[in-house]
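Undergrad: Sequence order for the protein chains is A and B. Quick note: the first sequence, position 121, residue 121 per the working numbering, numbers continuous. Quick note: the second sequence, position 357, residue 357 per the working numbering, numbers continuous.
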Amino acid sequence: MLIHLEMKKIFYILFFIITLSILLCNLKEAPADNENNKKGLKVTVLLFSGRPDPTFLLEDEDTLNQLKDLLSKAKTNEKFEQATVIPSILGYKGIVVDNLYSVAGFPSRFAIYKGNIEIKDGETKFLIDEENKIEGLLLDRAIRKGVIDKRILKRMERREYK
Amino acid sequence: MMNKKPFSYLYMSALVLVVLFTAACPLKVVNVSAPDINCVFDPSCRITVTDSSAPIPIPAEGTNFLQSRTFVGKPGSPANGLYGYEYRIDLRNAVGITYIPCISSMIIEFGPVVSTLDYDGDGSSDQVFVITSGGLGSIGLASADKIGNEITFTFSSPVCAGGRPGDGQSTYFFGLVSTKPPGFVTAKVKETTGTVYNVQARAPQKCGIPPYNPSYWNDGGTIQHNNNCYNYANNKRTDTYAQPGRAAGAMYSNLTCTEVYNAAIADGLVPLPASGNCPDGKAKIALFVDPGVDYHWYRLDRGGMWSHKPGATQATNLDNSGNPISNPETADRCGDWLCYTDFCGYLCCCSDEIQGQGHENIN
């Protein structure tokens with residue numbers, strides 16, 4: 001009888017320790033789970049010189065598939081001779097996409113400006129953005145996400161300055 | 001014979017000028033005790049110091065170093081807002097290998113020395129103090145001589161390493177005061193044999209004009225993507241996309257000339273004097289605003305031309321039309337959807353000749 005009571009005691013202690021461990025482990029892992037849940041591409045529209053540029057996370061599956069399709073069909077630009085497609089100028093200077101969460105089918109980073117694409121995935125290569133389709137798609141999504149200032153939107157509509 | 005006289009007068013005058021400029025100017029050195037000396041810098045006579053030390057490459061084993069100590073004068077003290085600098089050469093644990101090395105003097109580029117403070121309480125102004133009681137060390141100063149921006153501290157007797165650890169010597173702390181905050185410099189420490197060693201120390205920061213050398217900024221990575229036009233104009237890498245006024249807790253709220261200009265002044269930048277030239281070796285920078293949208297800065301490089309860094313892109317010396325920038329006010333500052341139409345003015349910042357090493361407190 002005494003032995004049975006001791007066994008019961010040990011069982012409860014063990015049960016308590018295991019439950020506590022599981023709880024603690026879950027608590028520790030919770031933020032990591034949230035981080036893992038993040039997906040999509042970080043898109044930065046290069047507009048400003050002083051202020052931070054507008055960014056958004058592109059998560060929409062349809063757009064991601066559309067983008068993947070356009071990128072896979074983009075032809076290599078053999079004639080591009082500059083170091084980067086992003087110009088050192090004031091005003092709009094292109095779009096940079098960072099694949100921070102390793103979305104399958106995309107390079108780690110790519111940049112687009114007026115028909116030229118720069119792919120960075122270990123090595124750098126240059127492609128052609130036919131009819132500015134990729135740039136147009138990303139700018140459209142930036143506008144829809146509401147990250148572009150109203151003043152700039154008006155200027156875009158009016159084709160102001162350049 | 002008569003014609004030669006004006007030339008000889010001219011020659012003599014030039015000689016006198018040369019002698020005046022190169023002559024050593026002895027600084028007034030007084031002995032003080034700790035903690036009394038702290039009362040010059042803090043009404044409570046307790047100072048908070050920042051220490052750094054660098055080894056002196058003398059032929060010795062064990063440890064030896066030049067210690068630099070800095071602190072700021074607190075409100076209510078005679079040195080309010082000024083920067084205190086103290087130095088000490090410590091060879092106590094240095095052990096000579098083939099002979100016992102000794103140090104006779106130290107030269108440091110310090111710039112203007114504050115000469116209005118009374119360190120020993122005798123009612124007259126002093127320039128250099130030596131803490132001969134209440135602190136470390138046993139060797140004081142024989143003299144402190146200033147030539148141009150350099151000060152030579154000659155020790156009252158050679159500071160020597162020992163035959164075994166703990167047998168070496170240390171100077172007392174010797175100090176002086178500047179209006180400028182500290183930066184890193186290379187001090188020269190002279191052995192009695194005549195050998196001179198370069199040792200890192202801290203002294204009042206020296207402003208300089210940077211050359212146009214964009215490769216430092218155009219790394220295609222961390223530096224390029226995290227430093228904007230304000231970083232570039234100030235020639236200071238922070239990797240934080242620095243914003244005017246943020247470091248001072250006075251960031252602009254609206255993108256107007258007045259607000260961004262005043263935010264930069266809160267960071268410590270100074271408006272350009274009427275002369276059109278920045279004082280104290282500071283660098284000239286220019287501010288423009290696209291009202292309500294963004295701001296942009298240019299900097300004047302050594303050589304007289306301007307350059308800029310449009311946001312996270314590469315630094316360049318060309319404007320939006322691809323022309324070199326001789327005057328930012330006439331440069332093409334309009335691109336797609338943005339145009340920096342409003343010229344806000346010129347400011348002066350404490351930049352540096354080395355890229356990314358500017359001295360303004362921006363963030």
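We put the CB at the ideal spot given by N, CA and C, even for glycine.
Below 8 Å on the Cβ atoms is my guess for Ala201/B versus Ser68/B; work out the distance and round it to an integer in Å.
TA: With 8 Å as the limit, Ala201/B and Ser68/B qualify as a contact, their Cβ atoms being about 5 Å apart.
Undergrad: What does Thr179/B pair with, by DSSP beta-bridge criteria?
TA: Answer by DSSP bridge pairing: none, since Thr179/B is not bridged.
Undergrad: Whose Cβ in chain B lies nearer than 7 Å to the Cβ of Pro52/A?
TA: Within chain B, the residues near Pro52/A are Tyr241.
Undergrad: Please compile the residues from chain A whose C-beta is within a distance smaller than 8 Å of the C-beta of Gly292/B.
TA: Arg151, listed in chain order.
Undergrad: Compare the beta carbon distance of Val199/B and Ala54/B with 8 Å and say whether it is the shorter of the two.
TA: For Val199/B and Ala54/B, yes; Cβs fall inside 8 Å.
Undergrad: To which residues of the same chain is Ala30/A closer than 8 Å at the C-beta, ignoring the five residues directly before and after it?
TA: With a pLDDT of only 41 at Ala30/A, under the threshold of 50, the placement of this residue in the model should not be trusted; the figure read from the coordinates follows. Answer for Ala30/A: no residue qualifies.
Undergrad: Thinking C-alpha only, which one of Pro273/B, Asn93/B and Gln357/B is nearest Asp239/B?
TA: Selected option, being the one with the closest Cα: Gln357/B.
Undergrad: For Val130/B, which residues does DSSP report across the bridge?
TA: DSSP, once it has assigned bridges, lists Asn31/B and Phe174/B as partnering Val130/B.
Undergrad: What separation, rounded to the nearest whole angstrom, lies between the Cα atoms of Ser253/B and Cys344/B?
TA: The straight-line gap from Cα to Cα measures roughly 16 Å.
Undergrad: Should Val289/B be labelled buried (16 or more other beta-carbon atoms within 10 Å of its own) or exposed?
TA: Val289/B is buried by the Cβ-count criterion.
Undergrad: So, does the CB of Gln355/B fall closer than 8 Å to a CB anywhere in chain A?
TA: No, Gln355/B does not count as interfacial toward chain A.
Undergrad: Could you tell me which chain A residues have their CB closer than 8 Å to the CB of Thr313/B, listed as they occur along the chain?
TA: Simply Leu46, Ile86, Pro87, Ser88, Ile89 and Lys93.
Undergrad: Just by C-beta distance, which residues in the stretch 334-352 of chain B are closer than 9 Å to chain A?
TA: Residues passing the 9 Å Cβ filter: Cys334, Gly335, Asp336, Trp337, Leu338, Cys339 and Tyr340.
Undergrad: Between the stretch 217-225 of chain B and the stretch 301-308 of chain B, are three or more C-beta pairs nearer than 8 Å?
TA: Counting Cβ pairs under 8 Å, fewer than three are found: no touch.
Undergrad: Checking 8 Å against the spacing of the C-beta atoms, do Asp98/A and Gly311/B come in under that value?
TA: Contact flag unset, no.
Undergrad: I'd like the ranges of any beta strand (DSSP E) spanning at least 3 consecutive residues and lying wholly in the stretch 289-315 of chain B.
TA: Listed in chain order, they are 294-300 and 306-308.
Undergrad: Give me the subset of the stretch 272-300 of chain B whose CB atoms are less than 8 Å from a CB atom of chain A, sorted by chain position.
TA: Residues passing the 8 Å Cβ filter: Gly292, Val293, Asp294, Tyr295, His296 and Trp297.
Undergrad: Please report the distance separating the alpha-carbon of Tyr230/B from that of Ser102/A.
TA: Roughly 32 Å separates the two Cα atoms.
Undergrad: Leu23/A CB to nearest chain B CB: under 8 Å?
TA: Low per-residue confidence applies at Leu23/A: pLDDT is 44, beneath 50, and the placement is therefore not dependable enough to give any value.
Undergrad: Can you list, in chain order, the stretches of the beta strand (DSSP E) that have 3 or more residues and sit fully within the stretch 23-94 of chain B?
TA: List check, beta strand (DSSP E) in window: 29-33, 50-55 and 60-72.
Undergrad: Helix, strand or coil, according to DSSP, for Gln224/B in the structure here?
TA: It is helical.
Undergrad: Strictly by DSSP, which residues pair up with Tyr346/B?
TA: According to DSSP, Tyr346/B bridges with Ala286/B.
Undergrad: Going along chain A in order, which residues have a C-beta closer than 9 Å to the C-beta of Pro310/B?
TA: The answer, in chain order, is Leu46, Phe48, Ser49, Pro87, Ser88, Ile89, Leu90, Gly91 and Lys93.
Undergrad: From Leu287/B to Gln82/A, what does the alpha carbon distance come to, in whole angstroms?
TA: Their Cα atoms are separated by approximately 30 Å.
Undergrad: Are Phe173/B and Leu141/B close, meaning C-beta to C-beta below 8 Å?
TA: It is not a contact, given that the beta carbons lie outside the stated cut-off.
Undergrad: Using a cut-off of 7 Å between C-beta atoms, extract the partners of Arg155/A located in chain B.
TA: The contacting residues are Trp337.
Undergrad: State the DSSP-derived secondary structure class of Cys339/B, mapped to helix, strand or coil.
TA: Strand at Cys339/B.
Undergrad: Consult DSSP for Thr55/A and reduce its assignment to one of helix, strand or coil.
TA: Three-state result, Thr55/A: strand.
Undergrad: How would you label Asp319/B, buried or exposed, when you count the other beta carbons within 10 angstroms and need 16 or more for buried?
TA: Buried.
Undergrad: Measuring CB atoms only, is the stretch 205-215 of chain B touching the stretch 327-338 of chain B, in the sense that at least three cross pairs come out at less than 8 Å?
TA: Taking 8 Å as the limit for Cβ pairs, the verdict is that the stretch 327-338 of chain B does not touch the stretch 205-215 of chain B.
Undergrad: Roughly how many whole angstroms lie between the Cα atoms of Pro324/B and Thr76/A?
TA: Going by the C-alpha atoms only, they are around 32 Å apart.
Undergrad: Kindly indicate the opening and closing residues of the beta strand (DSSP E) around Tyr113/A.
TA: It spans Arg109 to Tyr113 - the beta strand (DSSP E) in which Tyr113/A sits, taken as one unbroken run.
Undergrad: Is the Cβ of Cys102/B closer than 8 Å to any Cβ of chain A?
TA: Chain A contact via Cβ: absent.
Undergrad: Which runs of the alpha helix (DSSP H) at least 4 residues long sit entirely within the stretch 210-265 of chain B? Give them in chain order.
TA: Correct list: 222-226 and 229-234.
Undergrad: What do you get for Val16/B, buried or exposed, if any count of 16 or more other CB atoms within 10 angstroms of its CB means buried?
TA: Here the model assigns Val16/B a pLDDT of 47, short of 50, so the residue's position is not dependable, and the following value carries that caveat. With fewer than 16 Cβ atoms within 10 Å of its Cβ, Val16/B is classed as exposed.
Undergrad: Measuring alpha carbon to alpha carbon, tell me which of Gly249/B, Ser275/B and Ile56/B ends up nearest Gly268/B.
TA: Taking only the C-alpha atoms, the option nearest Gly268/B is Gly249/B.
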